[in-house]
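Residue 21 is where the sequence shown starts when you use this note's numbering, and the numbers rise one by one after that.
From the three backbone atoms N, C-alpha and C, an ideal C-beta is built for every residue, glycine too.
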Amino acid sequence: MTDRLSELTAAGVAVWLDDLSRVRLSSGGLDQLRREQHVAGVTTNPTIFAKALADADTYDGQLRDLATRGVEVEEAVRMLTTYDVRWACDVMRPSYDGSQGVDGRVSIEVDPRLAHETEKTVAEAKALWWLVDRPNLFIKIPATEAGLPAITATLAEGISVNVTLIFGLDRYSQVMEAFLAGLEQAKANGHDLSKIGSVASFFVSRVDSEVDKRLEKLGSDEAKALRGKAAVANAQLAYERYSEVFSSDRWRALADAGAHPQRPLWASTSTKNPDYRDVIYVEELIAPGTVNTMPESVIHAYADHGETRGDTVTGAYDAARQVFTDLESVGVDMSDVIAVLEREGVEKFEASWQELLDGVRKSLVAAGQGTGRPGQAAQGNADKAQKVGGNA
Numbered sequence: 021m022t023d024r025l026s027e028l029t030a031a032g033v034a035v036w037l038d039d040l041s042r043v044r045l046s047s048g049g050l051d052q053l054r055r056e057q058h059v060a061g062v063t064t065n066p067t068i069f070a071k072a073l074a075d076a077d078t079y080d081g082q083l084r085d086l087a088t089r090g091v092e093v094e095e096a097v098r099m100l101t102t103y104d105v106r107w108a109c110d111v112m113r114p115s116y117d118g119s120q121g122v123d124g125r126v127s128i129e130v131d132p133r134l135a136h137e138t139e140k141t142v143a144e145a146k147a148l149w150w151l152v153d154r155p156n157l158f159i160k161i162p163a164t165e166a167g168l169p170a171i172t173a174t175l176a177e178g179i180s181v182n183v184t185l186i187f188g189l190d191r192y193s194q195v196m197e198a199f200l201a202g203l204e205q206a207k208a209n210g211h212d213l214s215k216i217g218s219v220a221s222f223f224v225s226r227v228d229s230e231v232d233k234r235l236e237k238l239g240s241d242e243a244k245a246l247r248g249k250a251a252v253a254n255a256q257l258a259y260e261r262y263s264e265v266f267s268s269d270r271w272r273a274l275a276d277a278g279a280h281p282q283r284p285l286w287a288s289t290s291t292k293n294p295d296y297r298d299v300i301y302v303e304e305l306i307a308p309g310t311v312n313t314m315p316e317s318v319i320h321a322y323a324d325h326g327e328t329r330g331d332t333v334t335g336a337y338d339a340a341r342q343v344f345t346d347l348e349s350v351g352v353d354m355s356d357v358i359a360v361l362e363r364e365g366v367e368k369f370e371a372s373w374q375e376l377l378d379g380v381r382k383s384l385v386a387a388g389q390g391t392g393r394p395g396q397a398a399q400g401n402a403d404k405a406q407k408v409g410g411n412a
């Protein structure tokens, strides 16, 4: 039987899982994916944690302990999520050791309400790094304007970073600049560059969702013929920029000091339109030195019928540029598309974070009923969190 995920890995694509829960950890499911499905890393986000804590009773014991201690809701969220991520880091440690620190990484995101506050993002990144205390951790920082200097400052502290919510090419270039500056500062600060990792999470399917909506509204045959092409073209051109930056003299100086490149990570790779092939955002984005983070359903779909046709990116640059030209000619403003996606991306994660806070608050109050502590601290801090979230 063809091992399609092995073929994908051999083509230079690291397969990562875009999901985490305590059920997955306690059942051994994550370790099984690592051993049997070539999964070499894990990404999380506020939406994933909100779903995990809403659906499982495996958190009840820790919630009772937190309620007994009378902790406030934001501390409880930190304790619950960092517990899972620390456990996942330990599960993925063989991949980390076997790849000399390149793979085996697990990501945890800073509070998305801080996406437009540089200093608070850096402080949050340092706190999460300390709490999890594992060398194969990634701290996720969004690629907002305020996030860019936070990325540099966090890397300068020797902390590994997953830059998230990248949608556009110009912003991606700024992310790579922030990465290089961060490593240069880390080197000056005396950090071992070989221990610092980074990926740049370039979102894929959401681009098609937004562009296709605009193409449908335009309604012409020329517009409709471009549906489902923007996301792959966008990512392919991002890889072109990656190739240019990481063949520069500036990068070679860092590589000579032991640095690993900041790999492009294709995120949001589940197909939103049922008319499209369910593994299109894997098959069309195969290139050396990349990561593709997938929901488990996409991993299984690729294992079943994915086609690894070699490098499907580096020979496609001219065709990708033509897609952008054609989009402009029919009236799609890609700069506006990217601005909308970045704003909505932050807003969606803020909403998921608030959902997570609300869910944990209710769980703490319920757990407190059986401990003699009715959970006033959790309720009071949730009210404060609601106010902060509303002002974010």
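Nearest-angstrom Cα separation, counted from residue j out to residue i
{"i": "residue 254", "j": "residue 353", "result": "13 Å"}
{"i": "residue 11", "j": "residue 99", "result": "An answer regarding residue 11 cannot be provided, because it is not within the stretch 21 to 412 covered by the chain."}
{"i": "residue 133", "j": "residue 167", "result": "12 Å"}
{"i": "residue 361", "j": "residue 230", "result": "8 Å"}
{"i": "residue 161", "j": "residue 23", "result": "34 Å"}
{"i": "residue 81", "j": "residue 61", "result": "27 Å"}
{"i": "residue 297", "j": "residue 266", "result": "32 Å"}
{"i": "residue 196", "j": "residue 148", "result": "23 Å"}
{"i": "residue 202", "j": "residue 385", "result": "42 Å"}
{"i": "residue 152", "j": "residue 158", "result": "10 Å"}
{"i": "residue 357", "j": "residue 387", "result": "44 Å"}
{"i": "residue 292", "j": "residue 348", "result": "23 Å"}
{"i": "residue 42", "j": "residue 103", "result": "9 Å"}
{"i": "residue 84", "j": "residue 227", "result": "42 Å"}
{"i": "residue 87", "j": "residue 47", "result": "25 Å"}
{"i": "residue 245", "j": "residue 346", "result": "10 Å"}
{"i": "residue 344", "j": "residue 258", "result": "13 Å"}
{"i": "residue 95", "j": "residue 74", "result": "18 Å"}
{"i": "residue 25", "j": "residue 91", "result": "43 Å"}
{"i": "residue 330", "j": "residue 58", "result": "18 Å"}
{"i": "residue 232", "j": "residue 264", "result": "30 Å"}
{"i": "residue 364", "j": "residue 376", "result": "18 Å"}
{"i": "residue 118", "j": "residue 371", "result": "37 Å"}
{"i": "residue 379", "j": "residue 320", "result": "30 Å"}
{"i": "residue 191", "j": "residue 172", "result": "14 Å"}
Own chain residues within Cβ distance below 6 Å of residue i, not counting five before or after
{"i": "residue 219", "result": "182, 283, 285 and 311"}
{"i": "residue 170", "result": "138, 141, 142 and 161"}
{"i": "residue 123", "result": "34, 60, 61 and 115"}
{"i": "residue 187", "result": "223, 358, 361 and 362"}
{"i": "residue 27", "result": "328"}
{"i": "residue 101", "result": "69"}
{"i": "residue 72", "result": "41"}
{"i": "residue 340", "result": "253, 256 and 257"}
{"i": "residue 249", "result": "343"}
Where the alpha helix (DSSP H) containing residue i begins and where it ends
{"i": "residue 154", "result": "It is not in any alpha helix (DSSP H) - residue 154 carries neither H nor E in the DSSP assignment."}
{"i": "residue 340", "result": "337-350"}
{"i": "residue 47", "result": "From DSSP, residue 47 is part of no alpha helix (DSSP H); its letter is neither H nor E."}
{"i": "residue 297", "result": "That residue, residue 297, is in no alpha helix (DSSP H); it is neither H nor E in DSSP."}
{"i": "residue 81", "result": "80-89"}
{"i": "residue 104", "result": "93-111"}
{"i": "residue 269", "result": "269-276"}
{"i": "residue 170", "result": "167-176"}
Residues sharing a beta bridge with residue i, DSSP
{"i": "residue 129", "result": "160"}
{"i": "residue 63", "result": "38"}
{"i": "residue 186", "result": "222"}
{"i": "residue 181", "result": "159 and 218"}
{"i": "residue 33", "result": "310"}
Nonlocal neighbours in the same chain, by C-beta distance under 7 Å from residue i, ignoring five residues either side
{"i": "residue 336", "result": "256"}
{"i": "residue 44", "result": "50"}
{"i": "residue 156", "result": "109, 112, 113, 116, 124, 125 and 126"}
{"i": "residue 131", "result": "144 and 373"}
{"i": "residue 260", "result": "337"}
{"i": "residue 270", "result": "200"}
{"i": "residue 176", "result": "202, 205, 206 and 209"}
{"i": "residue 193", "result": "261"}
{"i": "residue 238", "result": "350 and 351"}
First and last residue of the uninterrupted beta strand (DSSP E) at residue i
{"i": "residue 283", "result": "283-287"}
Proximal residues to residue i (C-beta, below 8 Å), its chain only, five neighbours per side dropped
{"i": "residue 178", "result": "206, 209, 211, 212, 215 and 216"}
{"i": "residue 224", "result": "251, 252, 254, 255, 286, 287, 288, 289, 301 and 305"}
{"i": "residue 54", "result": "60, 111, 112, 114 and 115"}
{"i": "residue 121", "result": "155, 156, 214, 215, 217 and 280"}
{"i": "residue 164", "result": "135, 136, 185, 362 and 366"}
{"i": "residue 146", "result": "174, 177 and 179"}
Jot down the residue ranges of each uninterrupted alpha helix (DSSP H) in the segment 300-333, minimum 4 residues, whole runs only, in chain order. 300-303 and 316-325
What runs of the alpha helix (DSSP H), each 4 residues or longer, lie entirely inside the segment 192-257? 225-238 and 241-244
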